[in-house]
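Here the structure is laid out as structure tokens; the discussion comes afterwards.
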Amino acid sequence: MCGIFGIVLSPDPSISTDFARSLVERLFLCSETRGREAAGLAVYNGTTIDVLKQAGSASDFVRTKQYRALMDRAVARLEHGAAGSKKSNGAAGAAVAICGHSRLVTNGMQSAPENNQPVIGNGMVGIHNGIIVNESELWKRHGDLTRVSEVDTEVLVKLLRKHFDRSGDLVGATRATYGEMFGAASVALYLSDLENLLLATNTGSLFTAVNARGTFLAFASERYILRQLAASSGFESAVGKVTIEQVKAQTGVLVNLRDMSRASFNSLASAPSPTAFAPGSVPQPATNGSAPKTKEGPKEAARELVARRSPAVEIIDHTRTARDLKRCTKCILPETYPFMDFDAQGVCSYCRHWKTISVKGEEALLREVEKYRSKDGSPDVIVAFSGGRDSAYGLHYVKKKLGMNPVAFTYDWGMVTDLARRNQARICGKLGVEHIVRSADIAKKRRFIRKNIEAWLKRPELGMVTLFTAGDKEVYHHA
Numbered sequence: 051m052c053g054i055f056g057i058v059l060s061p062d063p064s065i066s067t068d069f070a071r072s073l074v075e076r077l078f079l080c081s082e083t084r085g086r087e088a089a090g091l092a093v094y095n096g097t098t099i100d101v102l103k104q105a106g107s108a109s110d111f112v113r114t115k116q117y118r119a120l121m122d123r124a125v126a127r128l129e130h131g132a133a134g135s136k137k138s139n140g141a142a143g144a145a146v147a148i149c150g151h152s153r154l155v156t157n158g159m160q161s162a163p164e165n166n167q168p169v170i171g172n173g174m175v176g177i178h179n180g181i182i183v184n185e186s187e188l189w190k191r192h193g194d195l196t197r198v199s200e201v202d203t204e205v206l207v208k209l210l211r212k213h214f215d216r217s218g219d220l221v222g223a224t225r226a227t228y229g230e231m232f233g234a235a236s237v238a239l240y241l242s243d244l245e246n247l248l249l250a251t252n253t254g255s256l257f258t259a260v261n262a263r264g265t266f267l268a269f270a271s272e273r274y275i276l277r278q279l280a281a282s283s284g285f286e287s288a289v290g291k292v293t294i295e296q297v298k299a300q301t302g303v304l305v306n307l308r309d310m311s312r313a314s315f316n317s318l319a320s321a322p323s324p325t326a327f328a329p330g331s332v333p334q335p336a337t338n339g340s341a342p343k344t345k346e347g348p349k350e351a352a353r354e355l356v357a358r359r360s361p362a363v364e365i366i367d368h369t370r371t372a373r374d375l376k377r378c379t380k381c382i383l384p385e386t387y388p389f390m391d392f393d394a395q396g397v398c399s400y401c402r403h404w405k406t407i408s409v410k411g412e413e414a415l416l417r418e419v420e421k422y423r424s425k426d427g428s429p430d431v432i433v434a435f436s437g438g439r440d441s442a443y444g445l446h447y448v449k450k451k452l453g454m455n456p457v458a459f460t461y462d463w464g465m466v467t468d469l470a471r472r473n474q475a476r477i478c479g480k481l482g483v484e485h486i487v488r489s490a491d492i493a494k495k496r497r498f499i500r501k502n503i504e505a506w507l508k509r510p511e512l513g514m515v516t517l518f519t520a521g522d523k524e525v526y527h528h529a
């Protein structure tokens with residue numbers, strides 16, 4: 051759902067401090083397409099982890115004085131890397147690790163600082179892309195953990211710390227944490243008492259780029275973001291060529307911040323699948339009494355309002371009972387359906403123009419997709435994913451029945467509901483499917499939607515109802 055990214059740098063004469071600053075800013079702005087409601091940064095400099103975050107877009111965040119000051123302190127570590135490596139009998143490394151987050155708000159409003167990321171908890175700092183849908187159950191199960199925010203990332207950070215404190219094994223603690231949670235989680239986490247950066251994902255929405263010299267590592271939520279970074283001005287001359295790889299679903303990587311070495315591990319445990327919609331969990335429409343009373347009565351008042359806005363519009367009385375409506379003798383569509391008319395036999399215009407669909411069958415589909423199937427497990431199909439039942443089943447069918455390697459794609463234009471986002475996390479987490487999200491400026495989009503509805507109300511016309519969804523057409527640009 052959100053955009054997470056970061057770079058790990060050790061002193062390299064080819065990578066100037068100014069260029070290092072520009073790398074972080076480029077990653078921030080590229081990741082902004084996945085969420086624009088809040089932004090934050092965590093910097094590990096060998097001795098401390100500094101955190102800065104605020105509500106608002108990444109574009110605004112990188113222009114603040116606080117951001118520039120934090121980056122100044124971060125790159126100063128690179129300038130004095132040699133001196134830093136002598137500390138603690140040479141044990142402390144000179145690498146700097148900078149992790150960023152561009153937030154698409156799900157749990158917890160961005161106006162409360164504690165809901166924004168990076169999240170700090172019990173000596174651990176983390177960023178997270180996805181949604182943990184059983185967070186309430188996890189808080190109840192672990193009553194010894196203290197909750198201070200609404201964001202679901204907090205329970206992941208504190209639960210992983212709890213498992214680590216018990217075992218002293220970071221890989222084992224990561225597996226235990228993923229084993230308890232349900233949903234989607236791609237994470238980057240620091241432990242204050244370990245010189246390691248943990249990267250892990252149960253969906254595959256995490257990619258790394260490493261140079262041949264071993265002085266540079268970057269990660270991001272999408273391969274495309276790292277490709278943009280590698281193709282940017284001056285990158286290859288400073289950093290060199292990089293190898294971009296996916297952190298596969300249900301796997302993780304430990305990056306040693308002393309020597310930049312990496313250790314991969316797999317078999318992140320999967321939580322049991324709960325019911326997508328538990329009994330009583332589907333919200334019911336709120337009711338606040340009867341319609342407002344006027345001296346004309348609610349029915350007459352509604353007629354007057356519509357007539358006043360558009361005298362030419364035909365008034366359809368929707369208060370008639372179902373048995374009073376004229377219906378098609380074939381398909382039973384009512385006369386109130388848009389652009390409806392009937393012939394002498396009572397057959398509607400839709401039935402008269404209907405052409406029977408010829409179904410080719412599943413075997414034909416299997417033959418058709420065979421030429422697109424990848425041989426090495428790389429992505430071979432994009433599935434548009436709204437989070438509703440149809441697209442959720444479609445994603446399951448492509449992955450499990452057709453045996454392909456899909457990437458889910460969502461354009462969030464302000465009308466993707468919280469329930470849909472949680473369903474997306476459930477399905478992608480369970481199937482281990484990478485999820486690419488493009489997020490609009492949600493507040494601006496919703497203003498536009500309101501303006502479109504208000505414009506429509508001035509001259510209501512059923513054929514122009516599609517104006518309400520004009521805002522989602524930007525999906526073609528992003529896709």
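Numbers in this note's numbering are just positions in the sequence shown, counted from 1, shifted up by 50. C-beta atoms are modelled at their ideal positions from N, C-alpha and C, and glycine is treated no differently. These numbers were taken from a predicted model, which means no experiment stands behind them.
message = According to DSSP, is E200 part of a helix, a strand, or is it coil?
response = On the sequence shown, residue 200 is found 150 positions in, with the first residue counted as 1. Residue state, collapsed to three classes: coil.
request  = Go ahead and pull the three-state DSSP assignment for R312.
outcome  = Reading the sequence shown from its first residue, position 262 is the one you call residue 312. Assigned with DSSP and collapsed to three states, R312 falls in strand.
Proximity to Q474 [Cα-Cα], best of Y447, A147, I182 = Here residue 474 refers to the residue found at position 424 of the sequence shown. Comparing Cα positions, the closest option is I182.
ask   = Is the beta carbon of A531 less than 8 Å from the beta carbon of N252?
value = One cannot answer for residue 531 here, as it falls past the ends of the chain, which runs 51 to 529.
message = By the DSSP assignment, the alpha helix (DSSP H) with M159 in it spans what residues?
response = For the purposes of this step, residue 159 is taken as residue 109 along the sequence shown, with counting starting at 1. For M159, there is no enclosing alpha helix (DSSP H), as DSSP gives it neither H nor E.
query = Exposed or buried, V237, counting other C-beta atoms within 10 Å across all chains shown (16 or more means buried)?
reply = Reading the sequence shown from its first residue, position 187 is the one you call residue 237. By the neighbour-count criterion, in which 16 or more other beta carbons inside 10 Å mark a residue as buried, V237 falls on the buried side.
task = Counting only runs of 4+ residues fully inside the stretch 406-474, write out the alpha helix (DSSP H) ranges in chain order.
result = 412-420, 439-446
Rounded separation between S317 and C149 - CA only = By 1-based counting over the sequence shown, the position of residue 317 is 267. By 1-based counting over the sequence shown, the position of residue 149 is 99. Distance between S317 and C149, taken at the CA atoms: about 25 Å.
key: Whole-angstrom C-beta distance between D122 and N157, which should lie under 8 Å   = The count along the sequence shown starts at 1 and reaches residue 157 at position 107. The count along the sequence shown starts at 1 and reaches residue 122 at position 72. That pair is no contact at about 33 Å.
query = Between E295 and F257, which are expected to be in contact by the criterion C-beta below 8 Å, what is the C-beta distance as a whole number of angstroms?
reply = The sequence position of residue 295 within the sequence shown is 245, counting from 1. The sequence position of residue 257 within the sequence shown is 207, counting from 1. Between F257 and E295 the Cβ distance is about 7 Å, and since that is below 8 Å, they are a contact.
query = For C80, which of Y461, T467, R277 has the nearest alpha-carbon?
reply = Here residue 80 refers to the residue found at position 30 when the sequence shown is read from its first residue. Of the candidates Y461, T467, R277, the one whose C-alpha sits nearest the C-alpha of C80 is R277.
Local Cβ density within 10 Å of D62, reported as buried at 16 or more and exposed below that = Counting from 1 along the sequence shown, the entry for residue 62 is found at position 12. The residue in question, D62, is buried, as its Cβ has 16 or more Cβ neighbours within 10 Å.
ask   = What is the rounded straight-line gap between the Cα of R509 and the Cα of C381?
value = For the purposes of this step, residue 509 is taken as residue 459 along the sequence shown, with counting starting at 1. For the purposes of this step, residue 381 is taken as residue 331 along the sequence shown, with counting starting at 1. Between R509 and C381, the C-alpha separation is close to 30 Å.
inquiry  = So, with DSSP's three-state summary, where would you put D100?
reply    = Residue numbering aside, residue 100 sits at position 50 when the sequence shown is read from its first letter. In this structure, D100 counts as strand in the three-state DSSP scheme.
query = How would you label P168, buried or exposed, when you count the other beta carbons within 10 angstroms and need 16 or more for buried?
reply = What you label residue 168 is simply residue 118 of the sequence shown in a count that begins at 1. Under a 10 Å Cβ-count criterion, P168 is classified as buried, with 16 or more other Cβ atoms of the shown protein chains found around its own Cβ.
ask   = According to the neighbour-count rule (16 or more other Cβ atoms, all chains shown, within 10 Å of its Cβ), is A529 buried or exposed?
value = Taking the sequence shown and counting its residues from 1, one reaches residue 529 at position 479. By the 10 Å Cβ count, A529 comes out exposed.
ask   = What are the partner residues of Y240, as DSSP defines its beta bridges?
value = The count along the sequence shown starts at 1 and reaches residue 240 at position 190. DSSP output for Y240 lists V175, L247 as bridge partner(s).
ask   = Taking the Cβ atom as the reference point for each residue, do T227 and L210 lie within a distance shorter than 8 Å?
value = Position 177 of the sequence shown, counted from the first residue, corresponds to residue 227. Position 160 of the sequence shown, counted from the first residue, corresponds to residue 210. In this structure, L210 lies closer than 8 Å to T227 by Cβ.
query = Going by other Cβ atoms of all chains shown within 10 Å of its Cβ, with 16 needed for buried, is P456 buried or exposed?
reply = Start at 1 with the first residue of the sequence shown, and residue 456 comes out as number 406. Answer is buried; the Cβ neighbour count reaches 16.
query = Is V175 near the ligand PLP, judged by its Cβ being under 7 Å from some heavy atom?
reply = Only the bare structure without any ligand can be found here, which leaves the ligand PLP out of the picture.
query = For the stretch 259-271 against the stretch 304-313, are there 3 or more C-beta pairs whose distance is under 8 Å?
reply = yes
inquiry  = Tell me which residue opens and which closes the beta strand (DSSP E) that Q278 is part of.
reply    = If you number the sequence shown from 1, residue 278 lands on position 228. Q278 -> not in any beta strand (DSSP E); alpha helix (DSSP H) instead, spanning 273-280.
inquiry  = Considering Cα atoms alone, identify which of L59, T83, D194 is closest to T460.
reply    = Within the sequence shown, residue 460 is the residue found at index 410, counting from 1. Per the Cα distances, T83.
key: Contacts around F69, its chain only, beta-carbon distance under 8 Å, and the 5 residues preceding and following it disregarded   = As a position in the sequence shown, residue 69 is number 19, starting the count at 1. The residues are G284, A288.
task = For S428, collect the residues of the same chain with a Cβ closer than 8 Å to its Cβ; drop the 5 residues on either side in sequence, then sort them by chain order.
result = By 1-based counting over the sequence shown, the position of residue 428 is 378. Around S428: N455.
ask   = Near R377, what residues of its chain come up, given a Cβ to Cβ distance below 6 Å and the 5 sequence neighbours on each side ignored?
value = The residue given as residue 377 occupies position 327 in the sequence shown. Around R377: P384.
query = Quick one, are the C-beta atoms of T293 and S314 less than 8 Å apart?
reply = As a working note, residue 293 is residue 243 in the sequence shown. As a working note, residue 314 is residue 264 in the sequence shown. The answer is no: Cβ separation not under 8 Å.
key: Close-in-space but distant-in-sequence residues of the same chain around I532 (CB under 6 Å, 5 per side omitted)   = An answer regarding residue 532 cannot be provided, because it is not within the stretch 51 to 529 covered by the chain.
key: Buried/exposed call for E413, threshold 16 Cβ in 10 Å   = Against the sequence shown, residue 413 aligns to sequence position 363. E413 should be labelled exposed.
task = Rounded to whole angstroms, what's the CA-CA distance from G513 to L102? Just pull it up for me.
result = To locate residue 513, count along the sequence shown from 1; it is residue 463. To locate residue 102, count along the sequence shown from 1; it is residue 52. Their Cα atoms are separated by approximately 49 Å.
key: Minimum C-alpha distance to E420 - residue among G453, V155, S66, G106   = Looking up residue 420 in the sequence shown gives position 370. Nearest option by C-alpha distance: G453.
ask   = Is the Cβ-Cβ distance between L77 and Y117 less than 8 Å?
value = By one-based count along the sequence shown, residue 77 stands at place 27. By one-based count along the sequence shown, residue 117 stands at place 67. Going by C-beta atoms, L77 is not nearer than 8 Å to Y117.
key: Between the CA atoms of F214 and V221 - distance to the nearest angstrom   = Here residue 221 refers to the residue found at position 171 of the sequence shown. Here residue 214 refers to the residue found at position 164 of the sequence shown. Each residue's Cα considered, the two are about 9 Å apart.
key: Nonlocal neighbours in the same chain, by C-beta distance under 7 Å from G482, ignoring five residues either side   = Locating residue 482 in the sequence shown gives position 432, counting from the first residue. Only N252, T253, G254, A299, Q300 meet the Cβ criterion.
message = Let me see if you follow: with CB-CB separation under 8 Å, is G53 close to chain B or not?
response = In the structure shown, chain B does not exist; there is a single protein chain.
task = Grab the span of the beta strand (DSSP E) containing T293 for me, first residue to last.
result = As a first step, residue 293 is located in the sequence shown; it is residue number 243 there, counting from the start. Per DSSP, T293 belongs to the beta strand (DSSP E) from 292-296.
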